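According to my numbering, the sequence shown is numbered sequentially starting from 110.
We put the CB at the ideal spot given by N, CA and C, even for glycine.
Given the structure is predicted, the values throughout are model-derived calculations rather than measurements.
What follows is one structure encoded as structure tokens, with my remarks underneath.
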Amino acid sequence: MNSSLQTTSKSASSALGAILPSSTNTSPVLHLSRVSRIFQESERQLVILNEIDLELWPGQICALVAPSGAGKSTLLQIAGLLEKPDAGEISINGVALASASDAERTAVRRSELGFVYQFHHLLPEFTALENVAMPQLINGLSQKAAEERALQLLAYMKVDHRADHRPGELSGGEQQRVAIARAVANAPRLLLADEPTGNLDATTADHVYKALETLVRNSGLSALIATHNLFLAERMDRQITIVDGKVVQL
């Protein structure tokens, strides 16, 4: 594998070929239309999201900044098709999915969505290469093709020299960059991130964000990133928050 690693960086950008959206795509990657989420708490209703509207376009990074309990996680869960709204419509690449079956939603998550969390959630018994290859294997790619693409993505994230290392042998920043590579392994159109730099020091967080930003800019991904880091939020294209169940531009 070492000889492959030496030449991988030169072809790293080719890994983005499958991520690039169609040049004819003129619709938002994510469109939430009048989405509501209401929880029943004893005898009263708790309105978390109240007929919110949100659009994200190819190549756009949006920061979601809001205090705990405001509904950030609920919004991300709904956008990621992990939770159904009580009202409204969710569209991914122009396809309405609010009423889709569980099987249909799972298929869209595998092909169109990538997730990055505050904790990297890498599988500890597998190497960085194997962690990035695994989603592709599950999606039906051959082992050779999955490993080649995994190496290209790791090189793009500047961690290909650590491909043979398990997560416990990686620094926090390296773990998150591997997690980002894994999140885009199946060439999604939308990346959803929940405090992806929350466990990192300021310098490492900056390096991870720069890698993530470069990936989005060069691939045409859309990214919705929940963060408490106002410095990072200000560097994104848009900043939104949730006030009384409504999405508000900052």
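Going by beta carbons, P305 and L321 fall inside the 8 Å limit. In this structure, the beta-carbon distance from L191 to L333 does not fall below 8 Å. Sorting I170, Q245 and P176 by C-alpha distance to the C-alpha of N295 places Q245 at the top. Distance from the CA of A205 to the CA of I199, rounded to the nearest whole angstrom, comes to 6 Å. Annotation for N240: the continuous alpha helix (DSSP H) segment containing it runs A237 to I247. Counting only runs of 3+ residues, the beta strand (DSSP E) found wholly inside the segment 295 to 354 occupies 299 to 303, 331 to 335 and 347 to 352, in chain order. Positions of the alpha helix (DSSP H) runs, each at least 4 residues long and wholly inside the segment 193 to 225, are given as 211 to 221 in order along the chain. The Cβ atoms of I351 and L359 do not sit closer than 8 Å to each other. Residue burial annotation: N248 is exposed, with fewer than 16 other C-beta atoms found within 10 angstroms of its C-beta. Within the same chain, N134, S136, V138, E221 and R298 come within 8 Å of N202 by CB-CB distance, once the 5 residues on both sides are set aside. Contact between G197 and V144 is confirmed by a C-beta separation of about 3 Å, below the 8 Å threshold. Under DSSP, F228 shares a beta bridge with no residue.
Residue I157 holds the alpha-carbon nearest to the alpha-carbon of G178 among I157, G168, H229 and I161. Selection R275, V293 and A342 evaluated against N327 yields V293 as nearest (Cα-Cα). The beta-bridge partner set that DSSP reports for R146 consists of L158.
D303 counts as buried, since at least 16 other C-beta atoms from the protein chains shown sit within 10 angstroms of its C-beta. A175 counts as buried, since no fewer than 16 other beta carbons sit within 10 angstroms of its beta carbon. Residue pairing by DSSP leaves I187 without any beta bridge partner. Taking one beta carbon from each stretch, the segment 233 to 241 and the segment 274 to 291 have 3 or more pairs nearer than 8 Å; the two touch.
Here D273 has M110, T236, A237 and L238 as same chain residues with Cβ atoms under 8 Å from its own Cβ, once five neighbours each way along the sequence are excluded. For R258, the secondary structure class from DSSP, reduced to helix, strand or coil, is helix. Non-local beta-carbon contacts of W166 in its own chain, meaning distances under 7 Å to residues more than five positions away in sequence, involve P137, V138 and S331 in chain order. Linking V317 to E343 through their CA atoms gives a straight-line distance of about 16 Å. In this structure E152 is exposed. Its beta-carbon is surrounded by fewer than 16 other beta-carbon atoms within 10 angstroms.
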